[in-house]
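Accompanying notes for the structure given below.
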Amino acid sequence: VFTNYVAKELQEKAIMRLEAPMGSFFLREDSDKPIIFLATGTGIAPIKGIIEHMLHNNIKRDISLYFGARHLEDLYLNDLCEKWAAFTTHLSYSPVLSKPQKSDNWLGKTGYVQDAVLQDNLDLSAYQVYACGSPNMIDNARVLFIKNGLPEEEFFSDAFTFATPRPAN
Numbered sequence: 097v098f099t100n101y102v103a104k105e106l107q108e109k110a111i112m113r114l115e116a117p118m119g120s121f122f123l124r125e126d127s128d129k130p131i132i133f134l135a136t137g138t139g140i141a142p143i144k145g146i147i148e149h150m151l152h153n154n155i156k157r158d159i160s161l162y163f164g165a166r167h168l169e170d171l172y173l174n175d176l177c178e179k180w181a182a183f184t185t186h187l188s189y190s191p192v193l194s195k196p197q198k199s200d201n202w203l204g205k206t207g208y209v210q211d212a213v214l215q216d217n218l219d220l221s222a223y224q225v226y227a228c229g230s231p232n233m234i235d236n237a238r239v240l241f242i243k244n245g246l247p248e249e250e251f252f253s254d255a256f257t258f259a260t261p262r263p264a265n
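For the sequence shown, the working numbering begins at 97 and goes up steadily by one.
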């Protein structure tokens with residue numbers, strides 16, 4: 097759509113102003129602390145981008161990736177995450193299901209993804225945490241992790257909120 101607009105509507109030497117995303121959810125490359133990535137649902141997408149950036153640029157910080165979903169079918173990038181863990185020695189992957197179905201035959205971690213991090217008994221004071229997903233998960237993780245030793249300034253997040261439905265025109 098944008099390309100068609102440029103090709104058909106934009107005149108030579110016209111001025112176009114763009115506003116790019118101005119978020120704060122990006123890798124802090126000035127640190128060598130190990131990282132805990134925490135994602136629920138589509139929150140895996142920005143984390144995927146950061147991990148791919150790290151792999152592409154040979155950034156070898158230790159990574160613990162926790163991806164939470166309700167059911168096995170909701171872990172839509174599970175194969176990719178498993179591949180990263182299999183071929184990247186400094187990356188571990190922990191999928192977590194909050195409501196596994198019998199048909200999932202799930203033997204992995206269950207419950208909330210933020211609780212799975214605490215169950216692994218990591219020394220959170222040594223980590224940076226990047227959390228992306230539902231506001232409830234992020235708020236809960238922030239409180240839990242800080243209470244368990246994570247420095248507040250080492251918690252980075254991007255909460256996905258839902259837009260208010262708008263009437264159709």
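Every residue gets a Cβ at the ideal spot worked out from N, C-alpha and C, and that includes glycine.
Distance check for residue j and residue i, CA to CA, integer angstroms please.
{"i": "P231", "j": "F256", "result": "6 Å"}
{"i": "H167", "j": "S221", "result": "31 Å"}
{"i": "A135", "j": "P142", "result": "9 Å"}
{"i": "P191", "j": "K243", "result": "23 Å"}
{"i": "F121", "j": "V225", "result": "11 Å"}
{"i": "F241", "j": "D216", "result": "12 Å"}
{"i": "G137", "j": "S194", "result": "12 Å"}
{"i": "L187", "j": "V239", "result": "25 Å"}
{"i": "P196", "j": "L214", "result": "20 Å"}
{"i": "L203", "j": "L176", "result": "19 Å"}
{"i": "D200", "j": "I132", "result": "26 Å"}
{"i": "L123", "j": "L171", "result": "23 Å"}
{"i": "L151", "j": "E169", "result": "26 Å"}
{"i": "L161", "j": "T185", "result": "13 Å"}
{"i": "P125", "j": "E105", "result": "Inspection of the sequence shows that residue 125 is occupied by Glu rather than by Pro. So the two alpha carbons sit approximately 40 Å from each other."}
{"i": "M233", "j": "R157", "result": "24 Å"}
{"i": "E248", "j": "K109", "result": "48 Å"}
{"i": "S127", "j": "I155", "result": "11 Å"}
Under a Cβ-count criterion, where at least 16 other Cβ atoms within 10 Å of its own Cβ denotes burial, should residue i be classed as buried or exposed?
{"i": "Q285", "result": "In this structure the chain extends from 97 to 265, so residue 285 is not present and cannot be described."}
{"i": "G229", "result": "buried"}
{"i": "K205", "result": "buried"}
{"i": "S253", "result": "buried"}
{"i": "G139", "result": "buried"}
{"i": "K198", "result": "exposed"}
{"i": "M112", "result": "exposed"}
What residue from the options has the CA that sits closest to residue i's CA?
{"i": "I159", "options": "E148, G207, I234", "result": "E148"}
{"i": "A237", "options": "R157, G164, K109, D128", "result": "G164"}
{"i": "D235", "options": "K129, P130, P247, F251", "result": "F251"}
{"i": "D219", "options": "K129, I155, I146, T185", "result": "K129"}
{"i": "L246", "options": "Y223, M233, A227", "result": "Y223"}
{"i": "L173", "options": "M233, S127, N154, G145", "result": "G145"}
Between the region 168-185 and the region 209-223, do at least 3 Cβ pairs fall closer than 8 Å? As far as the Cβ criterion goes, the region 168-185 does not touch the region 209-223, which means the pair count is below three.
Write down every uninterrupted run of the alpha helix (DSSP H) in the region 170-205 whose length is 4 residues or greater and which is fully enclosed by it, in chain order. 174-183
Pick out the complete alpha helix (DSSP H) segments inside the region 133-160, 4 residues or longer, and give them in chain order. 140-152
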